[in-house]
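Counting from 1, position 420 in the sequence shown corresponds to residue 425 in our numbering; the numbering is continuous, with no gaps. Virtual Cβ for every residue (Gly too), placed ideally from N, Cα, C. Only a predicted model underlies this, so the values are computations on that prediction, with no experimental measurement involved. What follows is a short report on a single structure.
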Amino acid sequence: MPDLIDQLDLMLPAAITGSIVRTSGLTAAVADFPAPIGAVVEISRLSGEPLSAEVIGFRDDLTLLYPLQSMTGVRHGDRVRLVRTSRKIAVGPELLGRVIDSAGHPIDGLPLPTLSERVPRDRSGPTPLERPRIQEPLSTGIRAIDGLLTCGKGQRMGIFAGAGVGKSVALGMMARYSSADVIVVALVGERGREVNEFLERDLGPTGRARSVVVVATSDEPALARVHAASTATAVAEYFRDQGQDVLLLMDSLTRFATAQREIGLAAGEPPTTRGYPPSVFAQLPKLVERAGRTQHGSITAFYTVLVEGDDPNEPISDTVRGLLDGHTWLSRRLASQGHYPAVDVLGSISRLMTEVADPAHRAAAAAVRQALAVYREHEDLITIGAYRAGSNANLDAAIAMREPIQQFLQQDVSEASQVTAVREQLLALQRQLAAARQTTAA
Numbered sequence: 006m007p008d009l010i011d012q013l014d015l016m017l018p019a020a021i022t023g024s025i026v027r028t029s030g031l032t033a034a035v036a037d038f039p040a041p042i043g044a045v046v047e048i049s050r051l052s053g054e055p056l057s058a059e060v061i062g063f064r065d066d067l068t069l070l071y072p073l074q075s076m077t078g079v080r081h082g083d084r085v086r087l088v089r090t091s092r093k094i095a096v097g098p099e100l101l102g103r104v105i106d107s108a109g110h111p112i113d114g115l116p117l118p119t120l121s122e123r124v125p126r127d128r129s130g131p132t133p134l135e136r137p138r139i140q141e142p143l144s145t146g147i148r149a150i151d152g153l154l155t156c157g158k159g160q161r162m163g164i165f166a167g168a169g170v171g172k173s174v175a176l177g178m179m180a181r182y183s184s185a186d187v188i189v190v191a192l193v194g195e196r197g198r199e200v201n202e203f204l205e206r207d208l209g210p211t212g213r214a215r216s217v218v219v220v221a222t223s224d225e226p227a228l229a230r231v232h233a234a235s236t237a238t239a240v241a242e243y244f245r246d247q248g249q250d251v252l253l254l255m256d257s258l259t260r261f262a263t264a265q266r267e268i269g270l271a272a273g274e275p276p277t278t279r280g281y282p283p284s285v286f287a288q289l290p291k292l293v294e295r296a297g298r299t300q301h302g303s304i305t306a307f308y309t310v311l312v313e314g315d316d317p318n319e320p321i322s323d324t325v326r327g328l329l330d331g332h333t334w335l336s337r338r339l340a341s342q343g344h345y346p347a348v349d350v351l352g353s354i355s356r357l358m359t360e361v362a363d364p365a366h367r368a369a370a371a372a373v374r375q376a377l378a379v380y381r382e383h384e385d386l387i388t389i390g391a392y393r394a395g396s397n398a399n400l401d402a403a404i405a406m407r408e409p410i411q412q413f414l415q416q417d418v419s420e421a422s423q424v425t426a427v428r429e430q431l432l433a434l435q436r437q438l439a440a441a442r443q444t445t446a447a
């Protein structure tokens, strides 16, 4: 039955045609073309192959199209044909280890896989009552996160950082060392040069073997970049529905929002905060709500957010923090000190750590966080030599344990971690802090 429906979807719209009456910026306007928003169309060109486009809105009696390739060669009067009213992508276990584009087509030069199943690219997330409680931790492979920002299977987290602070390296470590069954990586708006670097340097053969990588580089049309995020989420949903625990890594949610801004403005939406139209803030929750846990499996999602000028309160960062189940802040100050991964523990939070970590783990994490907070509060006094030992037992213990805690938080890219082992390391640090406090008090 699904095959018959797909065939009808291809056949029935074939008679709906129109013609180009004008172009404006990145859009083309078509007359006499009653196609729905989201429909896929083809524009016939006198020279070259037909051009694929998508319906993004209406203006007066005209239908607005946003092309998926360059509009070079498009002329007034060119015929437009409706291809399909919905978009599905081919999926299957054979996608593991492959690199695909925003339409789900392999771009790694390997033979085409045989994919027998089709899933919608865009769908709604699970309803609230279909989501079981998140109670089981997921190892990300990064010690600072596993120990002090413990995540659960099905949780959605944000990685907030400016450019060049180590987001890609952190994602690569997660892809290699996570305890998830399947990894889906979405590189949205990435520089073309950095795609191979991520695959070979950050992901590596081990991570790539159990990963599906979806790529839409910065030079591709805005629609392709938006579709890449949806395609990656659809692939993750497929593996989740097969009963697997999936780790979805999206770099970056900011570039998704920027691409949606281009489309919204081209469709005639009014710009609001920093030029973002209302559709951006409507699409963000629809995308992130698709991740999560169901009765079948889970999608644990990490979305990177590029923070403009290291301002945590810029519109996209502020909106995304309210949508996710926690955030990890990567600090430029730590990165400049050679501290990697540059996780600012005190500026980060996991809203579900209390659900997935046992009481002993939480107590040990709280003790380490307290030591970090006490040291940061008095760091200026310590640096200039104005603090006199013995004045504050908690600060004396934090100073004594400064190096062991920093060694715990720093991690080489070749070093893996697991939640159970990290828990024992935290308990050891807690005991050492207590001993140091007693010693200084005595």
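| Asked | Found |
| --- | --- |
| Inter-stretch contact (C-beta, 8 angstroms, three-pair minimum) for the segment 282-300 and the segment 238-255 | yes |
| A108 versus L357 - alpha carbon distance | 34 angstroms |
| Burial state of G171 (16 or more Cβ within 10 Å) | buried |
| Per-residue burial, Q342 [other beta carbons within 10 Å of its own, 16 or more giving buried] | exposed |
| Through-space distance from S303 to Q435, alpha-carbon basis | 32 angstroms |
| Proximal residues to T324 (C-beta, below 8 angstroms), its chain only, five neighbours per side dropped | F286, L289 |
| The segment 258-269 touching the segment 140-156, judged by at least three CB pairs closer than 8 angstroms | no |
| Residues near V218 in its chain [Cβ-Cβ closer than 6 angstroms; skip 5 each side] | V104, V190 |
| Cutoff 7 angstroms; reference R213; Cβ partners in own chain excluding five residues on either side | G102, L204 |
| Own chain residues within Cβ distance below 8 angstroms of R128, not counting five before or after | A239, E242, R295 |
| Exposure of L252, with buried meaning 16 or more beta-carbon neighbours within 10 Å | buried |
| Contact set for R80: own chain, Cβ-Cβ below 8 angstroms, skip 5 residues either direction | I25, R50, L51 |
| For K93, the residue or residues it bridges with in DSSP | P125 |
| C-alpha distance - T28 paired with S216, whole-angstrom precision | 40 angstroms |
| Exposure label - S121; buried when at least 16 CB within 10 Å | exposed |
| Residue(s) in a DSSP beta bridge with D151 | BP columns for D151 are empty, so no partner. |
| Outcome for M16 when other beta-carbon atoms lying within 10 angstroms are tallied against a minimum of 16 | Legend: pLDDT at M16 = 49, less than 50; position of this residue unreliable, no value from coordinates given. |
| Cβ contact (3+ pairs, closer than 8 angstroms) linking the segment 354-374 and the segment 180-194 | no |
| Segment contact, 8 angstroms Cβ cut-off, at least three pairs: the segment 276-285 with the segment 161-179 | no |
| Length of the line joining the Cα atoms of L339 and E47 | 50 angstroms |
| Residue span of the alpha helix (DSSP H) that contains Y243, given as start and end | 227-246 |
| Beta-bridge pairing of E59 - partner residues as DSSP gives them | V45, Y71 |
| Local Cβ density within 10 Å of E384, reported as buried at 16 or more and exposed below that | exposed |
| Host alpha helix (DSSP H) of A175 (start-end) | 172-182 |
| Cα-Cα separation, K158 to R92 | 29 angstroms |
| Same chain, Cβ closer than 7 angstroms to R326, five either side skipped, listed in chain order | G163, H332 |
| Span of the beta strand (DSSP E) around T32 | 32-36 |
| Opposing strand residues paired with V219 [DSSP bridges] | I105, A191 |
| Segments assigned alpha helix (DSSP H), at least 4 residues, entirely inside the segment 280-305 | 283-293 |
| Alpha-carbon spacing of A398 relative to L351, whole angstroms | 21 angstroms |
| Identified DSSP bridge partners for H332 | G163, I354 |
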